[in-house]
Structures are given as C-alpha cells and as structure tokens.
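Written below as structure tokens is the structure these notes are about.
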Amino acid sequence: MTMKITREEFKTTNWSGGETSELLISPTTASVKDKNFDLRISTATCELDSSSFTPYNGFTRYITPLDGDLKMVVNGKEVILKPFEVYKFSGSDEVISYSKVRDFNLIVREDFTNKMYSLDVDGTARIEDRNLIFFYESGMRVNGEEYSKMSAYIGEEAEVTGKGKILVCELYE
13 MTMKITREEF KTTNWSGGET SELLISPTTA SVKDKNFDLR ISTATCELDS SSFTPYNGFT
73 RYITPLDGDL KMVVNGKEVI LKPFEVYKFS GSDEVISYSK VRDFNLIVRE DFTNKMYSLD
133 VDGTARIEDR NLIFFYESGM RVNGEEYSKM SAYIGEEAEV TGKGKILVCE LYE
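For the sequence shown, the numbering used here gives the first residue as 13, with consecutive numbering after it.
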C-alpha cells in the first residue's frame, strides 16, 4: 500500500515554543503524550532561544534541521548540525537546543531497528523496503507523481526523481 501525505493532512499542535506536526504515529491509536507508541515521525518549529527536549526513556531519537543550523548540548557535549545532517541519540539523553529552526524527527522504541537518513538526489534514486520519504522542497517525483513542499510518501519501493535532498525513515519493526 502506498500513500501520499500533504502538509494539510499533518496533525499540527502548538507547544510552548512553536508548533509540531505529526506525519505518522504507530500504532495509529497511540498518543505522543502518553508515550505509548512504537514509532513517531514529526516536524517541529522552535521560536525560543533555548529549549529542553522532552525525555523519551526507552526510545531512540533521530533529528535533523531543515532550514538552518541546529545547535544542541547533549549530555553536556555541544553538537552542531547542518540542514539534513541526521543525529541519533537516546531518548533519555539530556538535550537543550539553542536554535530557532524547523527540524524533522523520528522517535522509535529502542528495541526497534528503524533508522532515519538523508539522501541527496540528482537524477534518480531507488528506495527499497517500506519507508516514509519526506520532501521539504517541491519539484521531486515518486514513481512519476510530483510531491510538493512539506509532503511525504509512504510505501514499499520508490523511484525518486529530481534534484534535492530527501529524508528517509525506515518503517519496519
């Protein structure tokens, strides 16, 4: 089964420092507030000078900035990420962010093997297995269908064509 998700279909909520938009949560009956999910994919904005990350004990987290550098202090160590540079850390790590950016996140139970990575497409890229592919910019195509800015594809195998960076989240247990 394949599915296209547009920005208008994201589940967007406000938090004290900006907004977060959920693209996918599994199982679908789970709640991020209750932390009873296996996997959650979201994008968020932060309008604060500094922000402490919510702990997610028992989870692994992946994050990347989309529109600027992301400066974080993780367990006392400074980490600076460029756009589409993916960083993996434990949900129990103490994390403080010092950047006003839009980021993209994968949070997955630590006993799962899911990953998130960025891919620079220039022409054609073939993505195997079941994945969510996120497009921050418009103009890319999946299996011939055009995808707009802030949209995603969920499906098995995908042929991505165009030029630009994409984010890929593996969707298996």
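We treat Cβ as the ideally placed atom computed from N, Cα and C, and that holds for glycine.
Reduced DSSP secondary structure (H/G/I, E/B, other) of residue i
{"i": "residue 122", "result": "coil"}
{"i": "residue 19", "result": "helix"}
{"i": "residue 181", "result": "strand"}
{"i": "residue 157", "result": "strand"}
Sub-8 Å separation of residue i and residue j beta-carbons
{"i": "residue 114", "j": "residue 79", "result": "yes"}
{"i": "residue 156", "j": "residue 15", "result": "no"}
{"i": "residue 120", "j": "residue 50", "result": "yes"}
{"i": "residue 163", "j": "residue 110", "result": "no"}
{"i": "residue 140", "j": "residue 169", "result": "yes"}
Cβ neighbours of residue i in the same chain (closer than 6 Å, five flanking residues each side left out)
{"i": "residue 96", "result": "76, 130, 177"}
{"i": "residue 128", "result": "74, 98, 118, 181"}
Closest by C-alpha distance to residue i, when choosing among the options
{"i": "residue 73", "options": "125, 143, 100", "result": "100"}
{"i": "residue 53", "options": "44, 61, 59", "result": "44"}
{"i": "residue 30", "options": "65, 154, 163", "result": "65"}
{"i": "residue 102", "options": "123, 116, 112, 38", "result": "123"}
{"i": "residue 60", "options": "71, 147, 28", "result": "28"}
Opposing strand residues paired with residue i [DSSP bridges]
{"i": "residue 91", "result": "84"}
{"i": "residue 77", "result": "115"}
{"i": "residue 55", "result": "33, 116"}
{"i": "residue 71", "result": "121"}
{"i": "residue 48", "result": "In the DSSP output, where bridge partners are listed per residue, residue 48 has none listed."}
{"i": "residue 144", "result": "166, 181"}
Close beta carbons around residue i, own chain, < 7 Å, minus the five adjacent residues each side
{"i": "residue 94", "result": "81"}
{"i": "residue 105", "result": "86, 87"}
Other residues of its chain near residue i: CB distance less than 8 Å, five sequence neighbours each side excluded
{"i": "residue 68", "result": "47, 103, 104, 119"}
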